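The sequence shown runs 423 to 664 under our numbering.
Virtual Cβ for every residue (Gly too), placed ideally from N, Cα, C.
Everything numeric in this text was worked out from a predicted model, so none of it was measured.
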Amino acid sequence: MKYLIANWKMNDVDVSNWLEDFLSLSLMNKSLEIKVCANLYDVKDIVDASLPENTIFKEPFWMAQDVSKNKEGAYTGQISSKLLNKIDAGCLIGHSELREESDTNEIVHLKGIRLKEEKVSPVLLCVGESLNILEANKREDFIREQLDSYFKDGLFPDIIAYEPLWAIGTGVSADKRNIEDAMSIISKFLEENDHKNLPILYGGSVSSKNIEEILSITSVSGCLVGNSSLDGKEFARIAKKF
Ligand code: 13P
423 MKYLIANWKM
433 NDVDVSNWLE
443 DFLSLSLMNK
453 SLEIKVCANL
463 YDVKDIVDAS
473 LPENTIFKEP
483 FWMAQDVSKN
493 KEGAYTGQIS
503 SKLLNKIDAG
513 CLIGHSELRE
523 ESDTNEIVHL
533 KGIRLKEEKV
543 SPVLLCVGES
553 LNILEANKRE
563 DFIREQLDSY
573 FKDGLFPDII
583 AYEPLWAIGT
593 GVSADKRNIE
603 DAMSIISKFL
613 EENDHKNLPI
623 LYGGSVSSKN
633 IEEILSITSV
643 SGCLVGNSSL
653 DGKEFARIAK
663 KF
């Protein structure tokens, strides 16, 4: 199974126009799961959106971009795992843009526990290093620490995405050798921890121009796409290459 996941981040995407554009390029690939990490302010549009009866749209199609580390209560602006369960959404956690703001490895682990309590699935965990860490040759230790702290006490995600910070939003994806090296660091960790079947995605400046090269890396089970997912047609062009 391959995965293609859009991350709309804090961009204003018109859900019905996007779906119309995306569906204008017909996609019938049975071995591809497509999902969208949307803005939850669009929750009504998301819940109302009628997805065609097509094997490519497996529920849940929608995912959140984050979840609160708290269960529920007086936490203004936060979204609980209970709400995600209620609207049947999966969840992305540990994105570098949140890790840079405030999410430590411990907080990401706590968020994972909240999702597990409410049986939210799929949970997509992001890991990845900055340019400083890569250049200092500390990538393996850094990624292993992110994984180690998440996998504590038997917790594990459904999918992992490797997103090097230096390739996010730059228009230039990581090169093949760098992606292969990172994939093997993550695979080694998963094998040692009895989770060798978890899919590992790549994210960072993926587009219809470089998707074929990225997918030629056999350890890559799919992609997490930011900018190029905002345009339904471009996202469909990427999907067609799977
Ligand atoms: P870009 O595809 O815009 O580089 O973003 C990648 C990303 O952060 C997806 O989560």
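What do you get for residue i, buried or exposed, if any count of 16 or more other CB atoms within 10 angstroms of its CB means buried?
i, result
"I582", "buried"
"M485", "buried"
"N429", "buried"
"V458", "buried"
"S438", "exposed"
"D575", "exposed"
"L546", "buried"
"I509", "exposed"
"L553", "exposed"
"E613", "exposed"
"E455", "buried"
Give the DSSP bridge partners of residue i, in chain order.
i, result
"W484", "V458"
"Y425", "E455, G644"
"G625", "L646"
"I590", "None, per the DSSP bridge assignment."
"L546", "L514, I581"
Would you kindly work out how many angstroms separate the C-alpha atoms of residue i and residue j, rounded to a whole number?
i, j, result
"D563", "N615", "16 Å"
"D580", "A511", "14 Å"
"C548", "S629", "19 Å"
"D470", "L441", "12 Å"
"N649", "K655", "12 Å"
"T498", "P544", "25 Å"
"K431", "E635", "25 Å"
"S472", "K480", "13 Å"
"E557", "E522", "19 Å"
"R659", "C645", "13 Å"
"N433", "H517", "16 Å"
"D536", "D525", "First, the amino acid is wrong: residue 536 is Arg here, not Asp. Approximately 15 Å between the Cα atoms of the pair."
"K631", "N559", "29 Å"
Tell me which same chain residues have a C-beta within less than 8 Å of the C-beta of residue i, skipping the five on either side of it?
i, result
"E602", "I639, S641"
"R561", "E551, I555, D603, A604, I607"
"S571", "N527, E528, V530, H531"
"V435", "A460, N461, D464, L652"
"I501", "L462, A486, D488, V489, S490"
"S609", "K618, I622, S641"
Does the separation of the CB atoms of residue i and residue j fall below 8 Å?
i, j, result
"L445", "P474", "yes"
"F657", "L637", "no"
"K662", "L447", "yes"
"V594", "G625", "no"
"K504", "E494", "yes"
"L577", "K618", "no"
Whose C-beta lies closer than 7 Å to the C-beta of residue i among residues of the same chain, with five residues either side of it excluded?
i, result
"F611", "R566, L569"
"S643", "K424, Y425, P621, I622, L623"
"L506", "A486, V489, C513, E540, V542"
"F375", "Here the chain covers residues 423 to 664 and nothing more, so residue 375 does not appear."
"S453", "M423, K424"
Which residues in the same chain have their Cβ closer than 6 Å to the Cβ of residue i, if we skip the five residues on either side of it in sequence?
i, result
"K533", "V489, K491, I515"
"T592", "S627"
"A596", "P586, A589, G626"
"D467", "V437"
"D443", "G654, K655"
"I633", "I660, K663"
"N600", "none"
"I427", "K457, L646"
"A496", "none"
Heavy atom of the ligand ADP less than 7 Å from the Cβ of residue i, yes or no?
i, result
"S453", "Ligands present in the displayed structure are limited to the ligand 13P, and the ligand ADP is not among them."
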